[in-house]
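Sequential numbering of the sequence shown, starting at 1280, is according to this note's numbering. Heads up, the beta-carbon is just placed ideally off N, CA and C, and yes, glycines get one too. Before any comments, here is the structure.
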Amino acid sequence: MDTKQEIIRRYFRENDTERKIARDMQISRKTVKKYLQEYLKAEKVSQDENDPERLQDFSHSFPVYRSEGRYRRRLTPEMETIIKEQVADNERKKKEGLRKQIKRKIDILELLHSKGFRIGYTTVCNYIREDKIITQETYIKQVHLPGEECEFDWAEVKLQIAGVQKRLYLAVFTTAYGNYRYCGLYTRQDTLAFMESHNDFFEHVGGVYHEMVYDNMRVAIAEFAGRHEKTPTEALTGLSGWYHFRWRFCNVRRGNEKGHVERSVEYIRRKAFSHIDTFDTHAQAQAHLEATCQRLNSYPLTTTGKKPMTSLEEEKSTLWKYPGVMCCYLTQALRVDKYATICFGTNRYSVPDHLCGRMVEVKIYSNKLKVYYQNALVCQQERNYGMHQWQINIEHYLRTLLLKPGALHGSLALEQVPTELKELYLQYFKSQPRGFIDILHYCQAKAVSSKKLVDTVTQLTQLCPNDVSCEKVIALLGNQTPLTLITTKVIEGEIEHFSHMQLQEIASIVNNIKN
């Protein structure tokens, strides 16, 4: 456009000839003549139609090069057929779920070269675009009402927790109205984490959004009943029944239908863990994530200039009432094997040994397992997220160990008892395992803690370090009334004599401790 204006200026203002203009500007005389003729034509039309804007539009417009008469000299009909076949094959792969194996334009170009055709990459791209083999999708701008819609999605992150690299999962919530973000950090991307994340989010905002939006995740969709019909999981229907929200599923491979949370996933993960990815505990990582979300929610949005936390306060009056926390667990019936354990998630958990061979009902929480037999709670175990591990409680085997005391020494149950109890056994009861089992049986029946047992044995060793017996420990744990010994009775026989001496010693120990 600068060249065109320079030609017009020099011709009409400086009275230069076409030859001189072409020579000074080093362009063709035909180009100079073309621009001058177009200007004169536009000037005449402007005067005839009394429309000065026509001449102004010509002066401000860029030169136009006519290309409708041109033809592709290298692109032959045979090449066009091959290109169309490859694009059609890409569409077939998309429908069959092979989206990651489609051919790009450069791959189509390489195929043409391998068949001996001489053609450039730009020509292939222009043909695919101009001939509308691939049409660009049109999007429709949406308007979101306060409290109406919230979007959910998962994200994966790898962090160093206590020196071990772990793969963790972010449950990300983003409101459609104000783009308010909330995020939780979970060990697994499973049903329980899905349910608990909703509990945490609704408790955090103090209300319930009218509609939740999900993509085609397994924790939300149980099965596809058709191309557009999807059956929700029991977890989703349970959440909807408790919180009374509607749900909506996106179409397959249409992340733009929940674009707020799609952008939030990458944004939160980058802002929270791009600089800091090492933590001592899982709780520390969660606290860092919450602080990051709070900081991001305090920044004004570039589109509206409003802070997300301010928008959330505006939405709270339109949210549905928060009904409280929903209990999140799964129920499963399991059989107790010959080791008095149940198997869940490749790990084994001990149960009371009288349940061997029976079916029990297990309530599975994210951090624990509750075992029920005939509608009665029989035990509770902390959930283990390892692989092929045994989690044994020695109290579950006391009935069997009373019959098989020799099995105690090399048992996994003894290996997993608290360290102080194991040291107590090895120091004082290694040669008398039945006595140690009797002590544990008494502690279980009387609800005596391990700490009290260790403290009692410590006191006992101070009084009689060379004679720590099961009877003395149980007597001290029971905190019995001091014994009154009858010294006037005639003691006959060796057994009665030693029994009398032991009772006298226990009474002396109890009296000394009380004093």
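| query | result |
| --- | --- |
| Kindly indicate which three-state DSSP category V1736 falls into: helix, strand or coil? | helix |
| Could you tell me which of R1574, A1570, G1689, V1498 sits nearest to Q1468, measuring between CA atoms? | V1498 |
| Considering only DSSP beta bridges, list what F1431 is partnered with. | F1452 |
| Can you tell me where the beta strand (DSSP E) holding G1757 begins and where it ends? | Run containing G1757: none in the beta strand (DSSP E); it sits in the alpha helix (DSSP H), 1749 to 1757. |
| Helix or strand or just coil, what does DSSP make of V1311? | helix |
| Less than 8 Å between C-beta atoms, sequence neighbours within five positions excluded: which residues of the same chain meet that for T1610? | E1640, V1641, K1642, I1643 |
| Inspect the beta-carbon positions of K1586 and S1577 and report whether they are closer than 7 Å. | yes |
| Take the Cβ of M1796 as the centre, count every other Cβ of all protein chains shown within 10 Å, and call the residue buried at 16 or more, exposed below. | Absent from the structure is residue 1796, since the part of the chain shown begins at 1280 and ends at 1794. |
| Could you check whether F1480 and S1459 sit closer than 7 Å to each other, using their CB atoms as the reference points? | At residue 1459 the sequence reads Tyr, which differs from the Ser that was named. Against a cut-off of 7 Å, the Cβ pair of F1480 and Y1459 comes out as no contact. |
| Among A1504, L1464, G1426, Q1659, whose alpha-carbon lies nearest the alpha-carbon of A1434? | L1464 |
| Going by alpha carbons, who is nearest to K1600 out of S1645, V1484, E1694, V1311? | V1484 |
| Beta-carbon within less than 6 Å of A1501's beta-carbon, same chain only, minus the 5 sequence neighbours each way: which residues are those? | T1510, T1512 |
| Less than 7 Å between the C-beta atoms of L1739 and V1733, yes or no? | no |
| Given this structure, state the Cα-to-Cα distance separating F1291 from R1352, to the nearest angstrom. | 41 Å |
| Less than 7 Å separating the beta-carbons of Y1676 and D1632? | yes |
| Counting only runs that start and end within the stretch 1582 to 1664, where is the alpha helix (DSSP H) found for 4 or more residues in a row? | 1587 to 1594 |
| State buried or exposed for Q1659, treating a residue as buried only when at least 16 other CB atoms are found within 10 Å of its CB. | exposed |
| What residue range is occupied by the uninterrupted alpha helix (DSSP H) comprising M1358? | 1356 to 1374 |
| Kindly indicate which residue of F1623, A1504, R1446, P1602 has the alpha-carbon position closest to the one of H1561. | R1446 |
| Does the beta-carbon of C1606 have 16 or more other beta-carbons within 10 angstroms, so that it is buried, or is it exposed? | exposed |
| Beta strand (DSSP E) containing Y1465: first to last residue? | 1460 to 1465 |
| Relative to the alpha-carbon of T1620, which residue among T1454, L1634, A1612 has its alpha-carbon at the smallest distance? | L1634 |
| Any chance the stretch 1448 to 1456 sits against the stretch 1538 to 1557, with 3 or more Cβ pairs inside 8 Å? | yes |
| If I follow the unbroken beta strand (DSSP E) through P1511, where does it start and stop? | 1509 to 1511 |
| Starting from K1445, follow its DSSP beta bridges and name the residues at the other end. | L1438 |
| Should the stretch 1559 to 1574 be regarded as contacting the stretch 1388 to 1396, the criterion being three or more beta carbon pairs within less than 8 Å? | no |
| Quick one: what does DSSP say V1492 is sitting in, helix, strand or coil? | strand |
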